[in-house]
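First residue of the sequence shown? That's 70 in this note's numbering, and the numbers climb one at a time after it. One structure is given below, encoded as structure tokens.
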Amino acid sequence: MVCDFIFYEYFSVSTPLKIRDIFNKWLEMKQCKKSLIVYEINKFVENHLRRSLHCTEETKIKFTILKFSTNWEKYGRKKDLFEKHCNNWLDSEIFYGDSICVEPSSSFVRGRPRVSFEEASHRTKRRRVDELVVSTSAEALKKAAEKISESSNSGTLSVEKALALYVDMDISYREYNMMRNVVNGVHKNCFPSYYSIVEAKKKLIPDGIEVSETSVHVPLQAILDKTSNSILKKLEFGAESDVILECKWGFDGSSGHSVYKQKFESQDATDEFLFVTSFVPLRIVEGKNEKIVWQNSKHSSQRLCRPLKILFAKENPRLIMEVKDNIQREIENLTTYVYNNDKKKINVQYRLKLTMIDGTVLNAIHGHKSCATCVLCGAKPTQMNT
Ligand SMILES: [Zn+2]
Numbered sequence: 070m071v072c073d074f075i076f077y078e079y080f081s082v083s084t085p086l087k088i089r090d091i092f093n094k095w096l097e098m099k100q101c102k103k104s105l106i107v108y109e110i111n112k113f114v115e116n117h118l119r120r121s122l123h124c125t126e127e128t129k130i131k132f133t134i135l136k137f138s139t140n141w142e143k144y145g146r147k148k149d150l151f152e153k154h155c156n157n158w159l160d161s162e163i164f165y166g167d168s169i170c171v172e173p174s175s176s177f178v179r180g181r182p183r184v185s186f187e188e189a190s191h192r193t194k195r196r197r198v199d200e201l202v203v204s205t206s207a208e209a210l211k212k213a214a215e216k217i218s219e220s221s222n223s224g225t226l227s228v229e230k231a232l233a234l235y236v237d238m239d240i241s242y243r244e245y246n247m248m249r250n251v252v253n254g255v256h257k258n259c260f261p262s263y264y265s266i267v268e269a270k271k272k273l274i275p276d277g278i279e280v281s282e283t284s285v286h287v288p289l290q291a292i293l294d295k296t297s298n299s300i301l302k303k304l305e306f307g308a309e310s311d312v313i314l315e316c317k318w319g320f321d322g323s324s325g326h327s328v329y330k331q332k333f334e335s336q337d338a339t340d341e342f343l344f345v346t347s348f349v350p351l352r353i354v355e356g357k358n359e360k361i362v363w364q365n366s367k368h369s370s371q372r373l374c375r376p377l378k379i380l381f382a383k384e385n386p387r388l389i390m391e392v393k394d395n396i397q398r399e400i401e402n403l404t405t406y407v408y409n410n411d412k413k414k415i416n417v418q419y420r421l422k423l424t425m426i427d428g429t430v431l432n433a434i435h436g437h438k439s440c441a442t443c444v445l446c447g448a449k450p451t452q453m454n455t
């Protein structure tokens with residue numbers, strides 16, 4: 070047991086994960102859909118190990134879950150019978166020795182040839198690790214483990230990059246895993262697991278999103294804070310600075326969308342019309358001189374439009390004014406966001422300009438009934454070109 074402890078300590082793996090821990094988790098949710106069980110158990114194991122899983126480990130977990138359900142049926146769905154028959158198996162560790170690939174230096178040995186560490190049996194692996202721990206200094210082992218993990222990490226895709234690729238390619242869970250399995254077969258651990266990109270995505274979603282049958286509302290302060298956080302993470306700043314994030318915002322309606330037979334709870338709701346309010350971050354300026362520290366190079370790309378409100382509603386002057394007033398009230402109530410990271414403290418203020426609008430909206434805001442009226446002087450078509 071002492072050796073086990075040292076082994077886990079120096080290879081910076083957390084406490085051993087027993088099959089029983091996974092079995093208990095499985096018992097809680099065995100009624101759920103199979104894909105959900107696999108997802109939750111993978112997440113549970115990743116949380117436990119504090120790292121993402123490799124392909125081989127995921128396969129191992131899948132087989133373990135399969136073994137749970139077959140044995141569960143075999144022992145008449147009785148927990149005590151199951152535990153009685155599978156006690157030894159349940160007490161074994163699921164990934165014992167899997168992440169170790171250090172071979173003890175071997176001199177000439179008589180007798181049976183030494184098999185490689187990967188091919189060795191469970192017991193042999195355990196014995197060789199014990200030998201290694203006894204014969205080598207703890208400091209050297211620690212350094213070796215660090216070096217191995219460094220070299221295996223080079224050439225891996227960061228979780229953020231994988232998430233961006235996943236969103237850009239607009240692919241499904243299945244397609245992502247298919248791509249990941251092929252690439253990881255050539256370059257080990259190149260793509261992170263699907264579960265880790267789902268977790269990364271969750272961190273980017275602002276809090277307090279309100280969703281109803283016909284509308285979505287994202288709090289302006291929350292989404293601006295998340296946006297500036299993501300951008301500032303990549304920038305270099307002094308110890309403390311004041312910056313302003315400049316954005317453009319606006320809204321537009323569209324019509325002629327497919328009408329589906331799915332019924333709404335309220336009678337007059339329809340999905341034929343859509344009214345979307347969004348904003349685009351343009352640049353970040355620093356200090357009193359407003360020095361540009363970040364500039365959006367794709368300021369007209371729809372990919373960078375961040376939604377504030379999505380409504381199933383027909384565009385009309387009353388709705389335009391209502392949405393405009395609501396957002397403007399939110400803009401007035403915006404507070405300074407403080408970005409804290411290591412030694413950096415950055416105060417972020419926001420400056421939003423209503424510029425993403427078309428002629429219809431502009432006329433509605435100015436209170437003109439006709440779209441043909443000039444928004445600057447109010448001239449009607451009959452008064453023009455005379
Ligand atoms: Zn005019």
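Beta carbons are placed, not taken as given, at the ideal position from N, Cα and C, and that holds for glycine. Remember, predicted model here, so these are calculated numbers, not experimental data.
Alpha carbon to alpha carbon, what distance is there between residue j and residue i?
i: residue 201; j: residue 194; result: 11 Å
i: residue 328; j: residue 341; result: 6 Å
i: residue 207; j: residue 199; result: 12 Å
i: residue 134; j: residue 265; result: 20 Å
i: residue 283; j: residue 323; result: 15 Å
i: residue 294; j: residue 102; result: 36 Å
i: residue 302; j: residue 355; result: 15 Å
i: residue 309; j: residue 406; result: 13 Å
i: residue 96; j: residue 128; result: 20 Å
i: residue 275; j: residue 299; result: 12 Å
i: residue 444; j: residue 424; result: 14 Å
i: residue 278; j: residue 290; result: 11 Å
i: residue 287; j: residue 336; result: 25 Å
i: residue 316; j: residue 378; result: 16 Å
Evaluate residue i with the Cβ neighbour count: other Cβ atoms within 10 Å of its Cβ, from every protein chain shown; 16 or more gives buried, anything less gives exposed.
i: residue 88; result: buried
i: residue 319; result: buried
i: residue 132; result: exposed
i: residue 446; result: exposed
i: residue 255; result: exposed
i: residue 450; result: exposed
i: residue 232; result: buried
i: residue 177; result: Its pLDDT being 47, under 50, residue 177 is placed unreliably in this model, and the value from its coordinates should be taken loosely. So residue 177 ends up on the exposed side.
i: residue 111; result: buried
i: residue 312; result: buried
i: residue 417; result: buried
i: residue 243; result: exposed
i: residue 105; result: exposed
i: residue 273; result: exposed
i: residue 432; result: buried
i: residue 236; result: exposed
Tell me the residue span of the beta strand (DSSP E) that contains residue i.
i: residue 162; result: First-last for residue 162: undefined, no H or E at that position.
i: residue 355; result: 343 to 355
i: residue 378; result: 375 to 380
i: residue 102; result: Run containing residue 102: none; DSSP gives neither H nor E here.
i: residue 360; result: 360 to 364
Kindly examine ligand 2 and report whether one of its heavy atoms sits closer than 7 Å to the Cβ of residue i.
i: residue 448; result: Among the ligands present in this structure, namely ligand 1, ligand 2 is not found.
Assuming residue i is part of the alpha helix (DSSP H), what are its boundary residues?
i: residue 133; result: 124 to 143
i: residue 194; result: 191 to 204
i: residue 152; result: 148 to 154
*asked:* Report the start-end ranges of each alpha helix (DSSP H) in the segment 238 to 312 that is 4 residues or longer and not cut off at the edges.
replied: 242 to 255, 263 to 273 and 289 to 301
*Scan the segment 402 to 433 and note each continuous alpha helix (DSSP H) run of 4 residues or more that stays entirely inside, going in chain order.*
none
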